[in-house]
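**Q** Below you will find the structure I want to go over with you.
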RNA sequence: GGUGGGGUGGCAGAGUGGUCGAAUGCGGCGGUCUUGAAAACCGUUGAGUGUUAAAGCUCCUAGGGUUCGAAUCCCUACCCCACCGCCA
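In the numbering used here, the protein residues as written are 34 to 460.
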C-alpha cells in the first residue's frame with residue numbers, strides 16, 4: 034500500500050503517476066473521507082482523553098474513601114458519545130482502508146507509457162533463435178514423442194490445465210529445478226528456503242494478492258481460510274512480516290522452489306494446448322529484502338540472476354520492461370524475460386522480476402533498524418522467477434529438438450541427468 | 001482425539017480490576033573509572049500515530065463482551081507447552 038502521508042500531501046502527483054497505469058484515483062472521494070476522518074478522529078481522541086481522566090479521578094476518589102456516586106453520574110453521557118464517536122471513526126477508517134488498499138503502487142521513473150503488453154519495450158536480446166532445416170514440433174508432440182508428457186492422464190486424474198510427466202521428461206524437469214537452485218545458492222549468494230504451500234489470509238494480504246485478487250487463488254475448504262500459494266513470493270516474503278532486522282544483516286536473499294497454484298479464472302481459451310498455462314506448475318523464486326536506496330540496483334542484479342539461467346541453458350531470450358499499463362498491482366517496475374519458442378515463432382514470458390519498493394513491506398510491517406538513527410524503517414522487497422520450471426522445460430524441449438524427435442540435453446543439465454545426453458524418441 | 005497449563009517490551013519474567021505502556025533481571029546504547037579491556041557504578045533503552053517541537057491517542061496474540069475504569073474478569077478463535085490415547 035502507498036504511504037498515507039504521500040496521499041495527504043502530494044495527492045495530485047500520486048494521481049498523475051497512477052494515471053500512467055490507466056488507474057484513475059477518485060480524488061473527490063478521497064478528500065471527502067480524509068476531511069471527515071480528521072474531524073472525527075480529533076473529536077474521538079478528545080473524548081477518549083476526557084473519559085480516561087474521569088476514570089482516573091474516580092479511582093483516586095475511591096482510594097481516598099470519597100463518595101464516587103456524583104462522579105459516576107457525570108460520566109454517563111460521556112460514555113455514550115465516546116462509543117458513538119469511536120464507531121463512527123472506525124467506520125471511516127475501514128472505508129479509508131478499503132480505498133487505500135485498492136490503489137496500486139506508484140510507477141518508478143523510466144517505466145514507459147503504454148496500455149498493455151503490446152506496448153512493453155524491448156531492452157535487450159540474447160542469443161539467436163536456431164534455424165531448423167526440418168519442420169519444428171511443439172512441446173506437446175515432442176513430449177509425447179519421447180513418452181514423457183501425458184495430458185490425457187492429467188485430465189482423467191484431475192482436469193484440464195494439469196499435466197503428468199514420466200521418465201526422462203520428469204527427470205529433466207527435476208534436473209532443471211535442482212540446477213536453478215544450485216546456481217542461485219552457489220553462484221548468486223541466495224539462501225535456499227523451503228516453505229509451506231498453504232498460507233493464511235494475512236500472508237496473502239501482506240504481498241498484495243488480497244483483498245483485490247482473490248479470484249486468482251485456490252482456496253481450501255477449511256474454516257481457517259487457507260489458500261494454495263500462487264507463487265513462493267507469498268510465503269517467502271512474509272518471512273519478514275512483523276520483523277525488524279538489523280541493518281548489518283541486509284540484504285536478505287532467499288531462493289525457493291515450490292509448486293504454484295493459480296485458478297486462471299478469466300483466461301479461458303488462452304494457451305489451452307500444452308503446459309504453458311497450468312493450474313499447477315513449479316517455479317524457482319528469487320526474493321530480496323534490501324535497504325530503500327539499494328532496490329533500484331538490486332532489481333538489475335536480480336534480473337541478471339534469472340538471465341544467467343537462460344544463458345547457461347543457451348536459450349535465446351529477450352528482456353522487456355513492462356509499460357505502465359502492464360506493470361502488476363504491487364510493483365513499481367518490472368522486467369520480463371521472454372524465451373524463444375520455435376513452435377510459436379515468438380518470445381514467451383518465462384520470468385518476471387519486480388521491485389515493489391515499500392508497497393509490500395508497509396502492509397506487512399517488514400522493517401530494518403537504521404543504525405545511524407536507531408529507528409525502524411521499511412525495507413524494500415524484490416522478487417523474480419529464476420525461472421518458471423515448467424516453461425523452461427517447454428523451452429528446452431522445443432529449442433533442443435532434433436529431426437528424429439529426440440531431445441538433446443543441454444550440457445549444464447547432463448550432470449543432473451546421470452550423464453544422459455538426449456531423450457530418445459519412441460518409435 | 002482427551003485432559004491440564006500457557007501466550008506481557010530484543011530475551012527472560014512480575015503484574016490484588018484503578019495513578020500500568022507495564023516491576024525486576026539480562027541484553028543494547030551512553031558515561032565514570034582504566035594505558036587499553038574486563039569488572040563495578042551511574043544514566044538510558046518498545047512500536048505506531050500526531051506535532052516545528054510537544055501534548056494527546058492506540059497497541060500487553062487476535063476479535064467480541066462486562067465495567068466509570070481491563071494486561072488483570074467473561075466468551076470465541078489462533079498458537080505454544082505437558083501428559084494420555086491413536087497413527088507412523
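Glycine included, C-beta positions come from ideal geometry on N, C-alpha and C.
Small disclaimer: the values here were computed from a predicted structure and weren't measured.
(1) Would you mind giving the Cβ-Cβ distance between residue 419 and residue 213, rounded to the nearest angstrom? I have them listed as a contact below 8 Å.
(2) Specify, as a first and last residue, the run of the beta strand (DSSP E) that residue 285 falls within.
(3) With burial defined as no fewer than 16 other Cβ atoms inside 10 Å of the residue's Cβ, what is the status of residue 380: buried or exposed?
(4) Within 8 Å, do at least three Cβ pairs link the stretch 312-328 to the stretch 406-416?
(5) If I follow the unbroken alpha helix (DSSP H) through residue 369, where does it start and stop?
(6) Can you tell me the Cβ-Cβ gap for residue 194 and residue 311, rounded? I've got them flagged as a contact below 8 Å.
(7) On the three-state DSSP scale, how would you describe residue 158?
(8) Contact between the stretch 358-376 and the stretch 440-453: three or more CB pairs below 8 Å?
(9) What is the residue span of the beta strand (DSSP E) that residue 380 lies within?
(10) Hey, out of 407, 266 and 345, whose CA is closest to residue 386's CA?
(11) Is residue 144 closer than 9 Å to residue 355 when the C-beta atoms are compared?
(12) Does residue 109 pass the burial test, meaning 16 or more other C-beta atoms within 10 Å, or should it be called exposed?
(13) Run the CB neighbour count on residue 167, radius 10 Å, all protein chains shown included, and call it buried at 16 or more, exposed below.
(14) Identify, in the order they occur along the chain, each residue of the same chain with its Cβ nearer than 6 Å to the Cβ of residue 397, setting aside the five sequence neighbours on each side.
(15) CB-CB under 6 Å to residue 374, same chain, minus the five flanking residues each way: which ones, in chain order?
(16) Can you pull the DSSP bridge partners for residue 179?
(17) Check whether the Cβ atoms of residue 155 and residue 295 sit closer than 9 Å, and answer yes or no.
(18) Sort 206, 287 and 39 by Cα distance to residue 308 and report the nearest one.
(19) Do residue 140 and residue 360 count as a contact pair if the criterion is CB distance below 9 Å?
(20) Please classify residue 408 as buried or exposed, where buried requires at least 16 neighbouring CB atoms within 10 angstroms.
(21) Around the C-beta of residue 315, are 16 or more other C-beta atoms found within 10 angstroms, so that it is buried, or is it exposed?
(22) Report the option in 243, 260, 106 and 244 whose CA atom is closest to the CA atom of residue 251.
(23) For residue 389, does the count of other Cβ atoms within 10 angstroms reach 16, so buried, or fall short, so exposed?
(24) Residue 187 to residue 335, Cα distance in whole Å?
(25) What does the Cβ neighbour count give for residue 280, buried or exposed, with the cut at 16 atoms within 10 Å?
(26) Using 8 Å for Cβ pairs, my map puts residue 115 next to residue 73. What's the rounded Cβ distance?
(27) Taking the continuous beta strand (DSSP E) assigned at residue 402, which residues delimit it?
(28) Taking 9 Å as the threshold (C-beta atoms), are residue 269 and residue 278 in contact?
(29) Taking the DSSP output, what are the residues bridged to residue 137?
(30) Whose C-alpha, out of 244, 65, 291 and 435, is nearest the C-alpha of residue 229?
(31) Contact defined as beta carbons within less than 8 Å: I believe residue 137 pairs with residue 54. What is the distance between those atoms, to the nearest angstrom?
(32) Let's see if you can read the secondary structure: which residues bound the alpha helix (DSSP H) around residue 149?
(33) Can you tell me the Cα-Cα spacing of residue 303 and residue 173, whole angstroms?
(34) For residue 205, name the three-state secondary structure that DSSP assigns.
(35) Count the other CB atoms, across all protein chains shown, that sit within 10 Å of the CB of residue 426; report buried if there are 16 or more and exposed otherwise.
(36) If I follow the unbroken beta strand (DSSP E) through residue 417, where does it start and stop?
**A** Reading from the atomic positions:
(1) About 6 Å separates the Cβ atoms of residue 419 and residue 213, confirming a contact at the 8 Å cut-off.
(2) That run of the beta strand (DSSP E) goes 285-294.
(3) With 16 or more Cβ atoms within 10 Å of its Cβ, residue 380 is classed as buried.
(4) As far as the Cβ criterion goes, the stretch 406-416 touches the stretch 312-328, which means the pair count is three or higher.
(5) Careful: residue 369 lies outside any alpha helix (DSSP H), inside the beta strand (DSSP E) at 366-374.
(6) That pair is a contact at about 5 Å.
(7) In the structure shown, the three-state DSSP call for residue 158 is strand.
(8) With a cut-off of 8 Å, the stretch 440-453 and the stretch 358-376 do not count as touching, because too few Cβ pairs lie within range.
(9) Run containing residue 380: 379-390, per the beta strand (DSSP E) assignment.
(10) Selected option, being the one with the closest Cα: 266.
(11) Contact check for residue 355 against residue 144 passes: the beta carbons are separated by less than 9 Å.
(12) By the 10 Å Cβ count, residue 109 comes out exposed.
(13) Around the Cβ of residue 167, a 10 Å sphere holds fewer than 16 other Cβ atoms; the residue is exposed.
(14) Same-chain partners within the cutoff: 239 and 274.
(15) Same-chain partners within the cutoff: 381 and 431.
(16) Note: residue 179 sits in no beta bridge, so no partner.
(17) No, the pair does not count as a contact, with Cβ atoms beyond the cut-off.
(18) Of all alpha-carbon atoms in 206, 287 and 39, the one lying nearest the alpha-carbon of residue 308 is that of 206.
(19) With contacts defined by Cβ atoms closer than 9 Å, residue 360 and residue 140 form a contacting pair.
(20) With fewer than 16 other Cβ atoms inside 10 Å of its own Cβ, residue 408 counts as exposed.
(21) Burial call: buried.
(22) The shortest C-alpha separation from residue 251 is found at 260.
(23) Counting the other CB atoms within 10 Å of its CB gives residue 389 a total of 16 or more, which places it among the buried residues.
(24) One C-alpha to the other measures close to 34 Å.
(25) Residue 280 is classed as exposed because its beta carbon has fewer than 16 other beta carbons within 10 Å across all chains shown.
(26) That belief does not hold up - the Cβ atoms of residue 115 and residue 73 are roughly 12 Å apart, past 8 Å.
(27) Looking at the DSSP string, the run of the beta strand (DSSP E) that includes residue 402 is 399-402.
(28) Not a contact, by the Cβ cut-off of 9 Å.
(29) For residue 137, which the question treats as bridged, DSSP gives no partner whatsoever.
(30) When only C-alpha atoms are compared, the closest one is 291.
(31) Confirmed, Cβ separation roughly 6 Å.
(32) Unbroken run through residue 149: none, as it is neither H nor E.
(33) Straight-line Cα distance between these residues: approximately 16 Å.
(34) Helix at residue 205.
(35) Buried, since its Cβ has 16 or more Cβ neighbours within 10 Å.
(36) Per DSSP, residue 417 is one residue of the beta strand (DSSP E) stretching across 413-421.
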